[in-house]
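Residue numbers (our numbering): 5 to 606.
Worksheet: one structure, shown below.
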Ligand code: ADP
Ligand code: MG
């Protein structure tokens, strides 16, 4: 067996396998080159999801004919001046992208540096170079990648449909656009413009927030807290959404390290830790965080596509992110909590008169009025109505419930007596009390009901009086539309409504009154996280959880006596209803005997 050196062409093709995995990675390399070339505008256009054509045009500093010839050579780069791989200030540095693209596609480059007479072009096809030769082009560079992977048909087979490849490309460009608000970006997919952001002006922070709003949505820029912190030479900057602005997955969490978009588990973990006390476990905040540190403190050369980084001191970065997020949330949380305590005060105050001043009943609110004043009590009353969420069940509603109702008290879960914190149902049984977590219980009921109906009759649906149009981004809308028949089986009837919207016609009956908009958005997020490999039935638990979150019995919803009792009866009739989908109990029962023991009566 003879050992031989591989021809250059084969070496490049092998390297291409690592650097250029799909059209989106080609776009990433080309746009990063434009950014490194000091471009202020970058325009990308595609055919067939980038499979047949990608062009990237910039107004950067261009290349001379000599530079063109070098640029397509392996390991030729203008970006690494010395030999220090740990002192990198550009997006590129490996000198691999252009030769790799030249090996697996038909690559053509036309370029003209400022203040030069003419442009020059060079062509590489399956590794064979022609040029440079004179051409016509304004200042800047235009790179065309035709028939990507035509030279490596095996790779071609792994590519997804045009739509999927296009959305991956958009994702790549959006991340780069978030990192560089000073640069304008445009993406055209051959049929229409898919993204356009203009170069931001003025202050970096304003420009950045504006850009984040353009990409992540206005609701983010309007509900984001400014994050700013520094420790041991690591700077953190960016924005984090308030907890109430949350999503079904972590796809709206972005991290940038020295201007480079990265996917790093460190971010997700830190964000989860910081929001832990403010958000349900299955909800995820939106954040965009920018870490700046000395290039030597981070290794970006872990992966050919440079999508991962390794921090020299990951602990510091993690601690910095958690600390800064918690701090920002605490500041925002303080504002929120004053309104909550005002509501609590309002609820307690009217009842203050029969109680002696300083009665222990006040202790729980951490507030004890020194001299209860009538004015305050009246203000409190005024607060009660609009901020009902934290108030106990109003007397009128409590009166609906007959004090002695042996009929329902004989049921295992008893007769509903009150709803507290708009979250828990307290019911009276023959020999004790039951506290039900209404949301957990409802989620479980939805799940069990769907599982059963899927096997039998199908989930019963209710038609909306007026079908509702939900605007989404195009990939989310098409993802949902592609699953319309599966969703219909689950009781949700939707159809595509133009580009980037779906029409909701029917919803699962057992959800009651729902906000279809919010439900559809969350389902779209959820489906993006599943990927295409799973059927919704395989993910039934998650889907039901999401649906139940929008059903009429979610936490924070006031229920009347009838609704509460209906829920209790349904729980009794449903198997496994004693625990929620995450294994937590849906209700707790206290026997009278236990309560008596608690008070030393026994
Ligand atoms: P790297 O970016 O790692 O240096 P590439 O193969 O992507 O390697 O590019 C090789 C060289 O070609 C770059 O170092 C740069 O000098 C030049 N180049 C590539 N794209 C452009 C562009 N759009 N404008 C100006 N120069 C470019
Ligand atoms: Mg490059």
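Cβ coordinates follow ideal geometry from the N, Cα and C atoms, glycine included.
This one's a predicted model, so the numbers in the text were calculated from it and none came from an experiment.
The continuous beta strand (DSSP E) containing residue 242 extends over residues 238-245.
Relative to the ligand MG, the beta carbon of residue 96 is positioned inside 8 Å of a heavy atom.
Distance from the CA of residue 315 to the CA of residue 433, rounded to the nearest whole angstrom, comes to 58 Å.
In the DSSP secondary-structure assignment, residue 144 is bridged to 116. Beta-bridge pairing by DSSP links residue 441 to 428. In the structure shown, residue 284 adopts coil according to DSSP, grouped into three states.
Relative to the ligand ADP, even the nearest heavy atom lies 8 Å or more away from the CB of residue 30. Within the region 125-185, the complete alpha helix (DSSP H) segments of 4 residues or longer fall at 157-161, 166-183, listed in chain order.
Residue 190 has 47, 200 as its beta-bridge partners, per DSSP.
The Cβ-Cβ distance between residue 155 and residue 186 does not fall below 9 Å.
Here the C-alpha atom of residue 172 lies approximately 6 Å from the C-alpha atom of residue 28. Burial state of residue 32 is buried, judged by a 10 Å Cβ sphere holding 16 or more other Cβ atoms. Residue nearest to residue 249 within the set 39, 280, 288, 101 is 288 (criterion: CA-CA distance).
Three or more beta-carbon pairs separated by less than 8 Å are not found between the region 449-457 and the region 475-484, which leaves the two stretches without contact. Assigned with DSSP and collapsed to three states, residue 550 falls in helix.
Shown here, residue 11 sits in coil according to DSSP, grouped into three states, outside any helix or strand. Classified as exposed, residue 122 has fewer than 16 neighbouring CB atoms from the shown chains inside 10 Å of its CB.
Within the region 479-527, the runs of alpha helix (DSSP H) that reach at least 4 residues and sit entirely inside it are, in chain order, 488-493.
With a threshold of 8 Å, the Cβ atom of residue 183 does not count as near the ligand MG, since no heavy atom of the ligand is closer than that.
In this chain, residue 62 is not harboured by any alpha helix (DSSP H); it is covered by the beta strand (DSSP E) spanning 57-62. Pairing residue 488 with residue 81, the inter-Cα distance amounts to about 49 Å. DSSP links residue 232 through a beta bridge to 241. Take residue 568, set aside five residues on each side of it, and the residues of its chain with a beta-carbon closer than 7 Å to its own are 420, 423, 429, in chain order.
Annotated three-state conformation of residue 289 is strand, per DSSP. Approximately 12 Å separates the beta-carbon atoms of residue 66 and residue 136; this is outside 8 Å, ruling out the contact.
Secondary-structure assignment with DSSP links residue 415 through no beta bridge to anything. In the structure shown, the three-state DSSP call for residue 94 is coil. With contact defined as three or more Cβ pairs closer than 8 Å, the region 126-142 and the region 45-60 are not in contact. Boundaries of the alpha helix (DSSP H) harbouring residue 601: 596-602, taken from the DSSP string. Counting C-beta pairs with one atom in each stretch, the region 509-526 and the region 546-562 have three or more that are closer than 8 Å, which means they touch. In this structure, residue 222 keeps its C-beta atom at 9 Å or more from the C-beta atom of residue 270. Taken through DSSP and simplified to helix, strand or coil, residue 314 comes out as strand.
When the Cα atoms are used, residue 319 and residue 236 turn out to be separated by approximately 11 Å.
Straight across, the Cα-Cα distance linking residue 481 with residue 268 is about 27 Å.
Taking a cut-off of 8 Å on C-beta distances, the region 5-17 does not touch the region 135-154, as fewer than three cross pairs fall below it. Remark: the C-beta of residue 24 is outside contact range of the ligand ADP, defined as less than 8 Å to any heavy atom.
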